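First comes the structure, then the notes that go with it.
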Amino acid sequence: ALDSDILIYALRGKEPFVSTVKELEKKVALATTDINVFELYAGAYKSSHSDRELASVKGALNALTLLHTSEGSMELAGKIAADLHRKRTPIDAKDLFIASICMVSGCSLLTRNTKHFERIDGLRLFDPS
101 ALDSDILIYA LRGKEPFVST VKELEKKVAL ATTDINVFEL YAGAYKSSHS
151 DRELASVKGA LNALTLLHTS EGSMELAGKI AADLHRKRTP IDAKDLFIAS
201 ICMVSGCSLL TRNTKHFERI DGLRLFDPS
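When we follow my numbering, the leftmost residue of the sequence shown carries the number 101, and every step to the right adds one.
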């Protein structure tokens with residue numbers, strides 16, 4: 101699944117993200133989570149060029165499979181949150197939801213924000229940079 105940062109870099113035409121996404125597209129069905137969709141829309145609406153940004157986001161999302169929250173992903177998120185709380189290493193709830201959705205869906209997460217996610221046991225991460 102593509103994290104918000106990767107989607108933003110690709111939408112802005114930044115390498116190596118554009119070529120990485122294009123290569124992956126040839127091999128697997130690309131996906132993102134509904135949490136990432138929220139982040140993309142929030143960013144687009146904050147932009148001074150919101151019409152252009154919204155069109156760009158909508159176009160990108162049409163090419164992706166959308167992975168949704170489920171009871172299973174939220175249960176896993178709750179377990180991970182409790183584990184990280186005990187270790188005194190909590191993470192942002194949105195990142196926790198993204199991770200749990202990927203894990204329940206059997207997806208790796210393509211992100212540059214590995215520091216946000218590396219504390220989550222069992223989450224497969226890929227940093228294209």
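Glycine is no exception: its CB is placed at the ideal position from the N, C-alpha and C atoms.
Here the structure is a predicted model, which is why all the values come from computation and not from measurement.
| query | Is Val-204 closer than 7 Å to Gly-172 when the C-beta atoms are compared? | reply | yes
| query | Would you report the Cα separation of Pro-65 and Asn-213, rounded to the nearest angstrom? | reply | Look at the range of the chain in this structure, 101 to 229, and you will see that residue 65 is not part of it.
| request: In angstroms with no decimal places, state the Cα-to-Cα distance between Asp-151 and Arg-112. | output: 15 Å
| field | Burial state of Ser-170 (16 or more Cβ within 10 Å) | value | exposed
| message | Using 7 Å as the threshold, is the C-beta distance between Leu-167 and Thr-133 below it? | response | yes
| task | With distances taken Cα to Cα, identify the nearest neighbour of Val-137 among Asp-195, Lys-126, Leu-161. | result | Leu-161
| query | Since Ala-101 contacts Leu-209 with CB under 8 Å, what's their CB separation in whole angstroms? | reply | 6 Å
| query | Which parts of the segment 128-187 are runs of the beta strand (DSSP E), unbroken and 3 residues or longer, counting only runs that do not cross its ends? | reply | 131-133, 165-167
| query | Excluding sequence positions up to five away, which residues of its chain have a Cβ less than 6 Å from the Cβ of Val-118? | reply | Ala-110
| message | Taking only three categories from DSSP, how would you classify Leu-107? | response | helix
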